[in-house]
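*Asks:* Dropping a structure here in structure tokens format, bear with me for questions.
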Amino acid sequence: MSMTSFALAIYFLFVLAGLLRRGRQISGPWWFLLRSFLPSWQFYHDVGQQPRLFFRSQVAGNPWSDWQIFVPRARFSPLNLFHNSENNLELLHQTLIDQLSTDIYALPDGSKVEELVSYQLANRLVRHLLVRCDANPAAYQFEIRLVAPLSGDDQTTTTLISPVMPWK
Numbered sequence: 216m217s218m219t220s221f222a223l224a225i226y227f228l229f230v231l232a233g234l235l236r237r238g239r240q241i242s243g244p245w246w247f248l249l250r251s252f253l254p255s256w257q258f259y260h261d262v263g264q265q266p267r268l269f270f271r272s273q274v275a276g277n278p279w280s281d282w283q284i285f286v287p288r289a290r291f292s293p294l295n296l297f298h299n300s301e302n303n304l305e306l307l308h309q310t311l312i313d314q315l316s317t318d319i320y321a322l323p324d325g326s327k328v329e330e331l332v333s334y335q336l337a338n339r340l341v342r343h344l345l346v347r348c349d350a351n352p353a354a355y356q357f358e359i360r361l362v363a364p365l366s367g368d369d370q371t372t373t374t375l376i377s378p379v380m381p382w383k
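Written out as structure tokens, the structure is:
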């Protein structure tokens with residue numbers, strides 16, 4: 216057995232022992248450790264509204280830009296059959312938005328959404344998207360909306376609006 220296989224086996228045993236120690240409920244930090252190895256297949260279960268990321272920015276002294284939706288778009292080429300890292304990253308970004316939406320609904324009363332790891336990662340994603348668009352904003356804001364498939368912007372439900380954040 217190679218050293219990598221041995222280390223993975225020890226890791227899974229450690230995570231399994233932690234899960235068994237806590238009981239039958241699979242939640243908490245142990246689940247997040249195990250989840251990093253398992254893909255999310257939630258997109259097969261949800262047929263209704265889907266969480267989408269919208270963001271906008273403001274250049275100093277100018278009005279706010281229109282809300283832009285982030286929808287990962289796949290670029291196809293024959294090379295993607297063997298190495299598809301860019302499209303996998305785009306799908307990972309959407310999985311992050313799905314996870315944030317799930318975390319918002321599971322958030323206990325009195326808890327702050329800003330403390331969620333998925334919220335902090337979504338905030339970094341928005342900053343990354345603004346840099347990718349060559350924006351140089353003084354401030355930015357994002358929101359999570361539930362969007363029905365093949366519907367217009369008027370048929371959305373906003374589940375989260377971030378505060379206006381300065382660009383640092």
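Here this note's numbering runs 215 ahead of the position in the sequence shown, where the first position is 1.
Cβ coordinates follow ideal geometry from the N, Cα and C atoms, glycine included.
1) Ends of the beta strand (DSSP E) at residue 358?
2) In chain order, which alpha helix (DSSP H) runs of at least 4 residues are fully inside the stretch 285-353?
3) Can you find the residues in the same chain that come closer than 8 Å, C-beta to C-beta, to residue 337, ignoring five residues on each side of it along the sequence?
4) Under 8 Å by Cβ, that's how I've got residue 305 and residue 278 pegged, so tell me the actual separation to the nearest angstrom.
5) Between residue 350 and the rest of its own chain, which residues show a CB-CB distance below 6 Å, the 5 nearest in sequence each way excluded?
6) Note the first and the last residue of the continuous beta strand (DSSP E) segment covering residue 264.
7) What did DSSP end up calling residue 272 once you bin it into helix, strand or coil?
8) Would you identify the three-state DSSP class for residue 365, choosing helix, strand or coil?
9) Could you name the residues of the same chain whose beta carbon sits closer than 6 Å to that of residue 289, not counting the 5 residues immediately before and after it, in chain order?
10) Using only CA atoms, which one of 233, 376 and 234 lies nearest to residue 282?
11) Between residue 232 and residue 323, what straight-line distance do the alpha-carbon atoms span, to the nearest angstrom?
12) From 230, 342 and 361, pick the residue whose C-alpha is nearest to that of residue 320; which is it?
13) Could you work out which residue in 264, 222 and 355 is closest to residue 363 when comparing CA atoms only?
*Replies:* Taking the definition as stated:
1) As a working mapping, residue 358 is identified with position 143 in the sequence shown. Counting along the chain, the beta strand (DSSP E) containing residue 358 begins and ends at 354-362.
2) Within the stretch 285-353, the complete alpha helix (DSSP H) segments of 4 residues or longer fall at 300-321 and 332-347, listed in chain order.
3) Against the sequence shown, residue 337 aligns to sequence position 122. Closer than 8 Å at the Cβ level, and outside the excluded window around residue 337, lie 268, 311, 312, 315, 357 and 359.
4) Position 90 of the sequence shown holds residue 305. Position 63 of the sequence shown holds residue 278. About 30 Å separates the beta carbons of residue 305 and residue 278, which is beyond the 8 Å limit, so they are not a contact pair.
5) Position 135 of the sequence shown holds residue 350. These residues qualify, in order along the chain: 272.
6) As a first step, residue 264 is located in the sequence shown; it is residue number 49 there, counting from the start. Element bounds for residue 264: n/a, residue is neither H nor E.
7) Stepping through the sequence shown from its first residue, residue 272 is reached at position 57. For residue 272, the three-state secondary structure derived from DSSP is strand.
8) Position 150 of the sequence shown, counted from the first residue, corresponds to residue 365. DSSP places residue 365 in coil when its eight states are reduced to three.
9) Position 74 of the sequence shown, counted from the start, is the residue given in the question as residue 289. Only 302 meet the Cβ criterion.
10) By one-based count along the sequence shown, residue 282 stands at place 67. Among 233, 376 and 234, the Cα nearest to that of residue 282 is on 376.
11) Mapped onto the sequence shown, residue 232 falls at position 17. Mapped onto the sequence shown, residue 323 falls at position 108. Those two C-alpha atoms are separated by around 27 Å.
12) On the sequence shown, residue 320 is found 105 positions in, with the first residue counted as 1. Closest option to residue 320, Cα to Cα, is 361.
13) For the purposes of this step, residue 363 is taken as residue 148 along the sequence shown, with counting starting at 1. For the residues 264, 222 and 355, the minimum Cα distance to residue 363 belongs to 264.
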